């Protein structure tokens, strides 16, 4: 069941990405992040009120670091989706396990294992194959946005790990992240001018951005709760596959063979980094 829930989460995340790309013609990235956070905030807030759960926490600094880094990462991710083919944007965002492994090594003042260096090399080669030197110069902005979103996502995930180790419930982490996303995007949602009134299509797209994102997060949480962590983490990369399918079906996006090989390389490197990061460090040698 854990594996099934992760496949559901991956499909829903890809649906959210497709809605972001559809909505980009009418709304900017910060607005879309607002609706992503607002809908999730309403859903999780209603559940918290019904269950009478406390949202205040002494770990507000860690929640703030997680939420702010996650908010900026989400804005950059949405910008990458607007600029790049959907599958390429998702792939670049999924470099976060590589960034996280490097970040943990730096903060712990420990050298990365040899296998982790290999995973990093495979991942960088995959990114190069996805982007290619022949890429349209205008798309490099999207590439930078995607890579930076992956890097900032690693900061967010590191703080999520700290919150989990401290016993903070997942719903509280989701609540504060959604609140920061809604607050950060609110000025853009209120004051950004639009040509013409909203349509039912606009409303459906915005509801899809928020609804699919919230449901995906819940499915992912359930997958990690009831499934094996390594299997769930590996299956999360099926989001790239679903995104490629949506990109081809809706926008006629076609990835050449080299880009497809690059996506596979990034997926393998991320899965390898996740596996290595969960292994205990080898015992130190003694004289």
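Residue numbers (the numbering used here): 92 to 378. Glycine included, every Cβ here is placed at the ideal spot set by N, Cα and C. Since this is a predicted model, take the numbers as computed values, not measurements.
Figure out for me which residue from the options has the closest Cα to the Cα of residue i.
i, options, result
"residue 281", "103, 359, 118", "118"
"residue 342", "303, 300, 175", "175"
"residue 194", "308, 132, 244", "244"
"residue 100", "309, 296, 336", "309"
"residue 352", "270, 217, 330, 110", "217"
"residue 163", "131, 129, 236", "236"
"residue 221", "359, 94, 347", "347"
"residue 251", "153, 94, 136, 98", "153"
"residue 138", "283, 305, 339", "305"
"residue 270", "129, 123, 111, 189", "129"
"residue 233", "112, 359, 360, 277", "112"
"residue 98", "311, 339, 359, 360", "311"
"residue 298", "354, 94, 109, 96", "109"
"residue 177", "95, 330, 360, 209", "330"
"residue 358", "283, 95, 135, 186", "186"
"residue 134", "344, 303, 345", "303"
"residue 132", "159, 143, 145, 268", "268"
"residue 136", "210, 206, 265, 168", "265"
"residue 354", "274, 215, 168", "215"
"residue 159", "94, 279, 143, 274", "274"
Please state if the CB of residue j and the CB of residue i are separated by a distance shorter than 8 Å.
i, j, result
"residue 125", "residue 272", "yes"
"residue 115", "residue 166", "no"
"residue 172", "residue 356", "no"
"residue 127", "residue 301", "yes"
"residue 326", "residue 248", "no"
"residue 362", "residue 328", "yes"
"residue 254", "residue 360", "no"
Just mark residue i as buried or exposed, buried being the case when its beta carbon has 16 or more other beta carbons within 10 Å.
i, result
"residue 225", "Residue placement at residue 225 is flagged as unreliable, the pLDDT there being 49, under the threshold of 50; the coordinate-derived value follows with that caveat. Classification of residue 225: exposed, given that the 10 Å Cβ count is below 16."
"residue 313", "buried"
"residue 231", "exposed"
"residue 197", "exposed"
"residue 349", "exposed"
"residue 155", "exposed"
"residue 219", "exposed"
"residue 263", "buried"
"residue 170", "buried"
"residue 161", "buried"
"residue 157", "buried"
"residue 246", "buried"
"residue 141", "exposed"
"residue 276", "buried"
"residue 123", "buried"
"residue 96", "buried"
"residue 210", "buried"
Quick one: is residue i near chain B, going by C-beta distance under 8 Å?
i, result
"residue 210", "Of the protein chains in this structure there is only one, and it is not chain B."
Inter-stretch contact at 8 Å, needing at least 3 Cβ pairs: the stretch 253-269 / the stretch 168-187: Note that the stretch 253-269 does not touch the stretch 168-187; fewer than 3 beta-carbon pairs, one per stretch, sit closer than 8 Å.
Three-pair Cβ contact test at 8 Å for the stretch 138-153 versus the stretch 285-305: No contact exists between the stretch 138-153 and the stretch 285-305.
Contained beta strand (DSSP E) runs [length at least 3] in the stretch 285-311, N- to C-terminal order: Runs of the beta strand (DSSP E) lying entirely within the stretch 285-311, each at least 3 residues long, are absent.
Validate contact between the stretch 328-346 and the stretch 98-113 using beta carbons, cut 8 Å, 3 pairs: Yes: at least three Cβ pairs fall under 8 Å.
Whole runs of the alpha helix (DSSP H) within the stretch 227-256, excluding any shorter than 4 residues: The stretch 227-256 contains these whole alpha helix (DSSP H) runs: 231-256.
Secondary structure, alpha helix (DSSP H): runs of 4+ residues fully inside the stretch 115-190: Within the stretch 115-190, the complete alpha helix (DSSP H) runs of at least 4 residues fall at 120-142, 151-174, 177-184.
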